Structures are given as structure tokens and as C-alpha cells.
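In what follows, a single structure is set out as C-alpha cells and then discussed.
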Amino acid sequence: MNSKKLILGVTAVLVGGLFVLGGIVSAKPGGDAKRGGELFKKNCTECHGDKGQGRGGPQGWFTGGGGEVTDLVGNQLNNQDFLALASDEYLKETIEYGRPNHLMPAWGDKGKGLKDKDVDDLVAFLRSWQKAPSIHVDDNLQVWGNPVNGKDWFDAICAKCHGENGDGTDGAPVLNDPVFLKYASDDFIRQTVLRGRQGTVMRSFLAGKDDAVTELEPRQIDDIVSYIRSWDKSAKPRFTLDQMK
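Per my numbering, residue 11 is the first one in the sequence shown, and the count goes up by one each step.
Here it is in C-alpha cells:
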């Protein structure tokens, strides 16, 4: 392989002591972005806005798409940090299965009846908003932290916005949801906490970052991820309570 092409294709960045692989924006999925835009306008703008700007929230959590505070109820979809981390598969699964018992319905065959092609087209449209380089997420990575300590950190830092049990609030999305926990890998959650979401009050939690909302060490962030993962009823427990003492 030509070494120059390799250097152009993959960039190594040292962030807060973490070696992170960043690449060129991922290739557009096989869907039709133009048709996806039509489907988005028909089915999604009522909650997510015409530009994917999402809800403003009482704290301006999801302000975007020009910076306006909105009364929309859907999550911000045009956020570059979100798009850089979210794989096409994650977007597809979110559209198909929604968020049970919350405002996001399932849009796939077992829900609103969108076909696979429709979902692919919607993903292609969402991906057309992405300008930032994609970030490598290791979906096979298991984060091993202490969920008991993680609960303490979550209660102190995260619960104000995400709810005491991760059930979400007017200003922040639900985390304690079976579909989210099934398809959001440990590394996806971990990198979200490490990096935050620019343009929202969800900033980085990592010590040393200029825009950090708080300063946690990587192991403390791992504890939070492990606590969030403890809500996943389908996941095999990684520790017993005795091991946590």
C-alpha cells in the first residue's frame, strides 16, 4: 500500500493521554440521500426539526442548526460529534427499533412500516450532514469499571440532566433504554463522555480538556460507563456485589 495514501487516510491524534484514531468521513451508505431527505421531511421534522436541530431544552441542551432554542422534542441529529461517532448500523437500528416507552417510535417493519430501503435512504440523508471526520469506535471493547463508584459519579454529575435512573429529562436523552443499551457499545458511550457534544451543555468530562464540564480521570469515566451498562438486562454481569466491596 502506498504510504502516502495511508497517512492521508488515517490520522493519529493524542487527546488527553488517549491515542485516538480518526479518519476521513466514512463513505456514504448505499441509500439515496435525496429520497431520504423527502422521507425525513415527511416523518421526522415534527420532532427533530427541518435541519436536525432537535430540542432546545430548558438549558439549551440541544440547541443547534443555527443556534436557536427550539420547542422540538427529538434529539439533535446534525451534531458533528454525534455523527462522527455513530455508525451507519447504529443509525439504522435506532430508526428501525426506536426507543420503547419513550417518544421515539419504531419505524421499521414492526413499527411504522418503513422498509429496509427507506431506512437506508434516511441514514444516507443523515450522513449528508456530516462534515467532521469519523472516529473509530471499537464495538467489541468491554469497559471494565466499578459500577458502584460509577453510580456515585452519575448521581453527582449526570442525573441532573439524564434523570436519576437514566430515564431522560426535557433537556437530555434517555440512557436507561433497552434498545439504546443493546446497540450503543461500551466504547460509543465512553467516547461520548470523553468528548461530549459540541454546541450543547454535554461537554467533555475528561480532565485536561479545555471545555470540560468536569474533570474526571479515564478510570472514573469507565466507572460511569460500567454503571450505565448495569442497566442492560441482556448483558452478562461483569462483577458480583461482593467483588464491588
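Glycine included, every Cβ here is placed at the ideal spot set by N, Cα and C.
From a predicted model like this one, the values you see are computed outputs, not experimental measurements.
Quiz item: Per the contact definition of three or more C-beta pairs closer than 8 Å, is the stretch 125-144 in contact with the stretch 86-94?
Solution: yes
Self-check item: Alpha carbon of D231 to alpha carbon of V147, nearest angstrom
Solution: Mapped onto the sequence shown, residue 231 falls at position 221. Mapped onto the sequence shown, residue 147 falls at position 137. Before going further, note that residue 231 is Ile rather than Asp in the sequence given. When rounded, the separation of the alpha-carbon atoms in I231 and V147 is 16 Å.
Quiz prompt | Close beta carbons around H112, own chain, < 6 Å, minus the five adjacent residues each side | solution = Start at 1 with the first residue of the sequence shown, and residue 112 comes out as number 102. Closer than 6 Å at Cβ, skipping near neighbours: V184.
Quiz prompt | One or two residues paired with G206 in a DSSP bridge | solution = Here residue 206 refers to the residue found at position 196 when the sequence shown is read from its first residue. Beta-bridge partners assigned by DSSP to G206: R213.
Self-check item: 3-residue-minimum beta strand (DSSP E) runs that sit fully inside the stretch 136-184, ordered along the chain
Solution: Listed in chain order, nothing qualifies, since the stretch 136-184 has no complete beta strand (DSSP E) run of 3 or more residues.
Exercise. Inspect the CB distances between the stretch 201-215 and the stretch 125-133 and report whether three or more fall short of 8 Å.
Key: no
Quiz item: Assuming N89 and R205 make a contact with CB atoms under 8 Å, what is their CB distance in whole Å?
Solution: Translated into the one-based positions of the sequence shown, residue 89 becomes position 79. Translated into the one-based positions of the sequence shown, residue 205 becomes position 195. With 8 Å as the limit, N89 and R205 do not qualify as a contact, their Cβ atoms being about 11 Å apart.
Quiz prompt | L226 (DSSP reduced to helix, strand or coil) | solution = For the purposes of this step, residue 226 is taken as residue 216 along the sequence shown, with counting starting at 1. If DSSP states are grouped into helix, strand and coil, L226 belongs with the strands.
Practice problem: Using the Cα positions of H172 and Q152, report the straight-line distance between them to the nearest angstrom. | Solution: By one-based count along the sequence shown, residue 172 stands at place 162. By one-based count along the sequence shown, residue 152 stands at place 142. If I take the Cα positions, the gap works out to 23 Å.
Exercise. Could you check if R200 is buried or exposed, using at least 16 other CB atoms within 10 Å of its CB as the buried criterion?
Key: Position 190 of the sequence shown, counted from the first residue, corresponds to residue 200. The residue in question, R200, is buried, as its Cβ has 16 or more Cβ neighbours within 10 Å.
Quiz item: Is it right to say R229 is buried, meaning 16 or more other beta carbons lie within 10 angstroms of its own, or is it exposed?
Solution: Residue 229 sits at position 219 when you count from the first residue of the sequence shown. It counts as exposed.
Exercise. Quick one: residues in its chain with C-beta nearer than 8 Å to the C-beta of D242, no 5 flanking neighbours on either side, listed in chain order?
Key: Your numbering for residue 242 matches position 232 in the sequence shown. Taken in chain order, the residues that qualify are P188, L191 and K192.
Exercise. Could you tell me which of V223, G84, A245 and D220 sits nearest to G178, measuring between CA atoms?
Key: Position 168 of the sequence shown, counted from the first residue, corresponds to residue 178. Checked all of V223, G84, A245 and D220; the closest Cα to G178 is G84.
Quiz item: Between the C-alpha atoms of A43 and D165, what's the straight-line distance to the nearest angstrom?
Solution: On the sequence shown, residue 43 is found 33 positions in, with the first residue counted as 1. On the sequence shown, residue 165 is found 155 positions in, with the first residue counted as 1. Rounded to whole angstroms, the separation of the alpha carbons of D165 and A43 is 41 Å.
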